[in-house]
Structure formats: structure tokens, C-alpha cells
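Asker: There's a structure below that I have some questions on.
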Amino acid sequence: MTTATVVKRAYTEQETAAYIGMSRSFLRQSRMEGHRKNRTVAPPFIKIGRTVRYLKEDLDAWLEGHVKRNHLSEGGLNHA
Numbered sequence: 000m001t002t003a004t005v006v007k008r009a010y011t012e013q014e015t016a017a018y019i020g021m022s023r024s025f026l027r028q029s030r031m032e033g034h035r036k037n038r039t040v041a042p043p044f045i046k047i048g049r050t051v052r053y054l055k056e057d058l059d060a061w062l063e064g065h066v067k068r069n070h071l072s073e074g075g076l077n078h079a
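The structure is reproduced here in C-alpha cells:
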């Protein structure tokens, strides 16, 4: 008998926090407050009824958008 492996596409808040290395409170605050100056923008999320979920492809794109392309000592910051 073959067992199929299910790859999860939508993560809970707790799973998302662990996946991106941020706190659950960061996710909650950024969802409620939206984008604020000098704050890290939260990853996109979806709501199904009262349930909040984060899609893996959105999280991967969000993480990729925060990658520093240059070392700080190589001159200037690369803002994503």
C-alpha cells in the first residue's frame, strides 16, 4: 500500500511564525495595524471566515524580498 504525502500549502499563524522566524504577536499586530513607517511589512494572508491562513508561496516570496544582496561593509544598503 502506498501512502501519499500531503504537502501543506496554507499555514496557521503558529506554523507561519515558526516558518518565517518571527513571533505570533508580530503577525497579529501587523495584520491589525497594516503597514506603518519604519516597520517590517507583514506577509500576505488570507481569511476564510474568521480563520487566518498564510500561503507557503506568499511566505517564500516575502522572505525572498527581505534578503540582503550585499554585505553591509561593501557599501550601502540594499533596501528590499
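Under numbering that gives the first Met the number 0, the residue at position 21 of the sequence shown is numbered 20, and the numbers go up by one with no gaps. Just so you know, even glycine gets a beta-carbon here, dropped at the ideal spot from N, CA and C.
Assuming K55 and R8 form a contact by the criterion Cβ under 8 angstroms, report the distance between their Cβ atoms to the nearest whole angstrom.
Answerer: By 1-based counting over the sequence shown, the position of residue 55 is 56. By 1-based counting over the sequence shown, the position of residue 8 is 9. Their Cβ separation, rounded to whole angstroms, is 5 angstroms, which keeps K55 and R8 in contact under 8 angstroms.
Asker: For T4, does the count of other Cβ atoms within 10 angstroms reach 16, so buried, or fall short, so exposed?
Answerer: Translated into positions along the sequence shown, residue 4 becomes position 5. Counting Cβ neighbours within 10 Å, T4 comes out exposed, since fewer than 16 surround it.
Asker: What is the residue span of the alpha helix (DSSP H) that K55 lies within?
Answerer: Along the sequence shown, one-based indexing puts residue 55 at 56. Segment K55 to E63, the alpha helix (DSSP H) holding K55.
Asker: Can you name the residues that DSSP bridges to I47?
Answerer: The count along the sequence shown starts at 1 and reaches residue 47 at position 48. Paired residues: T50.
Asker: Is R27 near E14, with beta carbons less than 9 angstroms apart?
Answerer: Along the sequence shown, one-based indexing puts residue 27 at 28. Along the sequence shown, one-based indexing puts residue 14 at 15. Cβ distance not < 9 angstroms, so R27 and E14 don't count as in contact.
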